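Just so you know, the protein sequences line up as chains H and B, in that order.
With the working numbering as the guide, the letters of the first sequence map in order to residues 21 to 326.
With the working numbering as the guide, the letters of the second sequence map in order to residues 24 to 286.
Where is the CB? At the ideal position from N, CA and C, for every residue including glycine.
Here the structure is a predicted model, which means the values were calculated and not measured.
Here's the structure, in C-alpha cells; my notes come after.
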Amino acid sequence: MIYELTEKDMERLLQKIGEEYDVFGSKEELGEVVFSKISSFSEVSEKKSSYSPKDFLIKRSENILEIPRVEKKAVFGVKSCDLRGFYLMDLQILNKDPFYTVRRQNTLFINFVCTEKCPGGFCTSFGGPVLDDYDIQVLHIGQSYFVEADPRYEGYLAGFRPALDQDVFVKHSEEFNRKYGKIELNGIEKRMKWSSKLWTEFANYCISCGACNYSCPTCYCIDVYDDETGRKKEWDSCILEGFTRTAAGNVRPDLSDRLRQRFYHKFKYYKLSKGEYLCTGCNRCVDDCPVDIDIKEVITHDYDKE
Amino acid sequence: MITIKNEYLPEKMKPIRFRMETDDTYTIVFSKRTMSHAGQFYMLSVDGVGESPISVASGFGNPLTFSIKAVGSVTKYIMDHRDSAIGLRGPYGNAWPWKGADHIVAIAGGIGIPPIKALIEDMESEGNLGDLTVLYGARSPKDIVYKNEIEAWKKELDFRITVDNGDPSWKGNVGVVTTLIPGVERYKNGSAFVIGPPIMMKFSVQELIKHGFSPENIYLSLERRMECGIGVCGHCNIGQWYVCESGPIFRYSDVMNEPEVFL
C-alpha cells in the first residue's frame, strides 16, 4: 500500500518512529550534507549527502573483540543508490560479520527517491532510483510525499491517507528511466579483458589514495589489525599495495593489477558469485577521485577493439 | 535486544607442548582436541600483535596441533614467547577430499607439510594409509620438519622425500619435489593434493599433467592474505571465490583459468 502524506504527516511519521528509534537525517551543516541526529522532519535535506551512509553499518574503525550495545537508529533522507549498496553488501557479509549484522538489524532506513538525476550519476544502469527492496521509501512530488513500507514497517503508516494512485512509484520509475536513459552494461562481466590497456592507463594517473573505496556504498573490505588499544577492523582499500601482500609474495604488485581487481570485483566476480553487480551508479567514486578516473569508462570501453 | 555471537572473539589458551622442528619452524600442541578435518585452518592470534591463518597439523579428534614457520610478526612472537596465551578461532575452510578417492598422491613443499600430516592422521584413523603416497620436498636436510614422524611414516605408507640441496650426511634424493613425480605415474588415475609455495605448486601441476593426471583430480591448497577467515574482509579472493570460504582447497580445473591462481 502506498500512502500520500503531507509535510506535516511526515513530521508525525518521524515523531512516531522517534518513539522507538534514535532519529538521524541528512542535514546541511556548514555547506556539507551530513548525517546527524535530528528532531524534526524540517531539518532533513533532500540533497545527496556528501558521504554515503556506510558508516552507520561499518564503522571506519572499531574494536572487534567486543560487540558494543547497538541502539536502534532510523535514518531519514538516505538516497536510493546508497541504500541499494547495503542490499548488495548483505549478499556477502550479512550474518557473517556480527558487527554489520547487528547494526543492519537495528537500523531503519528511510530512503528518498530522486526526482532528478544527479550530475554524473548512472543509477538507471542498475534499475534507477525506485527500489524493490527498502524499509520505508519516500517519493516527494510537489506538496505530496508518497510513502511505501516493507511489511515489517507498514505499521508506522497506519492512519495516514492511502494514495489514490497506487502506481505512482512504478510510473515515476518508468518516467525517470526513460527521461535519462542509461549506459548499457551489455554483459560487462563477459566483455572486460584482463589484458586491457585501460588498467595501465588508469594506473598512469591513479595516486593510490583509496578515496574510491572509502566513498563507495558497496565497498565492504576491511583491514584487521592489532595495536596497543586492541584488535581493530578498519575500512580498507584494494587499491593500496599492502592489500594482498603475504610472506609468499604479492599477487597484485602493480597498481594496474589492483585497479583491475577493483573493477573485476564490481562488474565480474560479484556478478558470478552473487548474481549482482557491486555498483549502484551513485558516481561517488568519480566525484571523490582526485585524478578523475571514471568507472563509467570501464563500462563504455570497447574491449573488442583491443 | 538481539544477542549475536562475536565470531572474531578467539578462545585463549596456552600450548601444552612446544617443539622446535628446524631453526625457524616449531610445533605447538594444545590440550583441546581438534574438531577440524585435514586441510582446514584456524586463525591464531596474540593480543597487540595480530592474527594469522594457520593450517591444522593434527587429525580429527587428536590434540589440536600447528606447525608454524616464523616469518611474520605473529608467528615470530609465538616462537619467542613460548608461555604466552594464544587466541584460537576456527576451524575454517574446506578439507582434503580424500574419502572415496582412488590412490592419493600428496605433494608438499616446505612448510606445506603440516596439512599433509593431518591428512595422514585422518586417513590412518580409518585404515586408509595404503591408498596414500606422500612426496615431500624440503630446501635442505636441516629444513626437514617432522624428522621423527617421517621415520614412522616410512614404515606405514609410501613416503618419499627429497631436498633441493643436500649435505655430506644426506643419503637420499636431491632435487626439487617435482623430480619425484615421474615415479608416481602409475597413480595417474588417482587424485593429487598439492600444497606449498606458489612456484612449487605451479610446476607440480605442470608435471602431474605431463604424467597423465587429470586437472579434475588435482587439488591445490591455495594461500592468500586472510584477515578474517569468514568471508568478510575481502582480501583473499581468487577470481570470484574467497579462499577462506570456498577454499583453501580448490579443484585445479575450477581455477585453472584464473590468472592469479599461482601469484
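is_contact[residue i, chain H] using C-beta, thresh 8 Å
i: residue 94 of chain B; result: yes
i: residue 221 of chain B; result: yes
i: residue 235 of chain B; result: no
i: residue 104 of chain B; result: no
i: residue 32 of chain B; result: yes
i: residue 267 of chain B; result: no
i: residue 263 of chain B; result: yes
i: residue 282 of chain B; result: yes
i: residue 67 of chain B; result: no
i: residue 246 of chain B; result: yes
i: residue 44 of chain B; result: no
i: residue 111 of chain B; result: no
i: residue 28 of chain B; result: yes
i: residue 132 of chain B; result: no
i: residue 70 of chain B; result: yes
i: residue 260 of chain B; result: yes
i: residue 73 of chain B; result: yes
i: residue 172 of chain B; result: no
i: residue 286 of chain B; result: yes
Given residue i as reference, the closest of the options once Cα atoms are compared
i: residue 15 of chain B; options: B:241, B:41 and B:55; result: Outside the displayed span of chain B (24 to 286) sits residue 15 of chain B, for which this structure offers no information.
i: residue 85 of chain H; options: B:28, B:229 and B:219; result: B:28
i: residue 30 of chain H; options: H:178, H:88 and H:56; result: H:178
i: residue 283 of chain H; options: H:248, H:295 and H:232; result: H:232
i: residue 69 of chain H; options: H:318, H:325, H:307 and H:317; result: H:307
i: residue 237 of chain H; options: H:62, H:137, H:45 and H:79; result: H:79
i: residue 161 of chain H; options: H:74, H:323 and H:25; result: H:25
i: residue 223 of chain H; options: H:313, H:119 and H:60; result: H:313
i: residue 45 of chain B; options: B:101, B:98, B:153 and B:167; result: B:167
i: residue 267 of chain B; options: B:245, B:195 and B:136; result: B:245
i: residue 128 of chain H; options: H:274, H:77 and H:89; result: H:77
i: residue 108 of chain H; options: H:286, H:317, H:316 and H:269; result: H:286
i: residue 121 of chain B; options: B:152, B:133 and B:99; result: B:152
i: residue 208 of chain B; options: B:231, B:180, B:281 and B:175; result: B:231
i: residue 149 of chain B; options: B:182, B:87, B:82 and B:158; result: B:82
i: residue 162 of chain B; options: B:272, B:123, B:286 and B:197; result: B:197
Closer than 8 Å to chain B by CB, residue i
i: residue 214 of chain H; result: yes
i: residue 116 of chain H; result: yes
i: residue 7 of chain H; result: Here chain H comprises residues numbered 21 to 326, so residue 7 of chain H is not present and cannot be evaluated.
i: residue 248 of chain H; result: yes
i: residue 94 of chain H; result: no
i: residue 271 of chain H; result: yes
i: residue 122 of chain H; result: yes
i: residue 17 of chain H; result: Residue coverage of chain H in this structure runs from 21 to 326, which leaves residue 17 of chain H outside it and unanswerable.
Cα-Cα separation between residue i and residue j, rounded to whole angstroms
i: residue 105 of chain B; j: residue 41 of chain B; result: 7 Å
i: residue 114 of chain H; j: residue 121 of chain H; result: 5 Å
i: residue 237 of chain B; j: residue 126 of chain B; result: 13 Å
i: residue 172 of chain B; j: residue 144 of chain B; result: 11 Å
i: residue 303 of chain H; j: residue 310 of chain H; result: 13 Å
i: residue 276 of chain H; j: residue 220 of chain H; result: 5 Å
i: residue 94 of chain H; j: residue 152 of chain H; result: 19 Å
i: residue 274 of chain B; j: residue 65 of chain H; result: 52 Å
i: residue 27 of chain H; j: residue 226 of chain H; result: 45 Å
i: residue 51 of chain H; j: residue 171 of chain H; result: 37 Å
i: residue 71 of chain H; j: residue 104 of chain H; result: 15 Å
i: residue 204 of chain H; j: residue 322 of chain H; result: 12 Å
i: residue 33 of chain H; j: residue 43 of chain H; result: 11 Å
i: residue 71 of chain B; j: residue 64 of chain B; result: 21 Å
i: residue 73 of chain B; j: residue 144 of chain H; result: 43 Å
i: residue 141 of chain B; j: residue 196 of chain H; result: 60 Å
i: residue 190 of chain B; j: residue 215 of chain H; result: 45 Å
i: residue 131 of chain H; j: residue 80 of chain B; result: 51 Å
i: residue 204 of chain B; j: residue 57 of chain B; result: 32 Å
i: residue 11 of chain B; j: residue 225 of chain B; result: An answer regarding residue 11 of chain B cannot be provided, because it is not within the stretch 24 to 286 covered by chain B.
Status (buried if at least 16 other CB within 10 Å, exposed otherwise) for residue i
i: residue 26 of chain B; result: exposed
i: residue 149 of chain H; result: buried
i: residue 35 of chain H; result: exposed
i: residue 113 of chain B; result: buried
i: residue 168 of chain H; result: buried
i: residue 88 of chain H; result: exposed
i: residue 60 of chain H; result: exposed
Amino acids of chain D, ordered along the chain, whose beta-carbon sits closer than 7 Å to that of residue i
i: residue 253 of chain B; result: Here chain D cannot be found, since the structure's protein chains are H and B.
Cβ-heavy atom distance, residue i to the ligand GDP, below 7 Å
i: residue 105 of chain H; result: Annotation note on the ligand GDP: not contained in the displayed structure, which lists no ligands.
Unbroken beta strand (DSSP E) runs of length 3 or more, entirely within the region 78-144 of chain H: which are they?
-> Counting only runs of 3 or more, we get 81-83, 93-99 and 127-133.
May I have a chain-ordered list of the alpha helix (DSSP H) segments no shorter than 4 residues that lie completely inside the region 23-51 of chain H?
-> You should have 27-38.
Which ranges would you report for the beta strand (DSSP E) in the region 241-283 of chain H if only whole runs of at least 3 residues count?
-> 242-247 and 250-255, all fully within the region 241-283 of chain H.
Curious, which full-length beta strand (DSSP E) runs of at least 3 residues does the region 64-131 of chain B contain?
-> Within the region 64-131 of chain B, the complete beta strand (DSSP E) runs of at least 3 residues are 64-69, 73-78, 86-92 and 109-115.
4-residue-minimum alpha helix (DSSP H) runs that sit fully inside the region 147-216 of chain B, ordered along the chain | The region 147-216 of chain B contains, as complete alpha helix (DSSP H) runs of 4+ residues, the segments 170-179 (chain order).
Mind pulling the alpha helix (DSSP H) runs of 4 or more residues that sit fully within the region 155-223 of chain H?
-> Entirely contained in the region 155-223 of chain H, the alpha helix (DSSP H) runs reaching 4 residues are, in chain order, 188-200 and 208-211.
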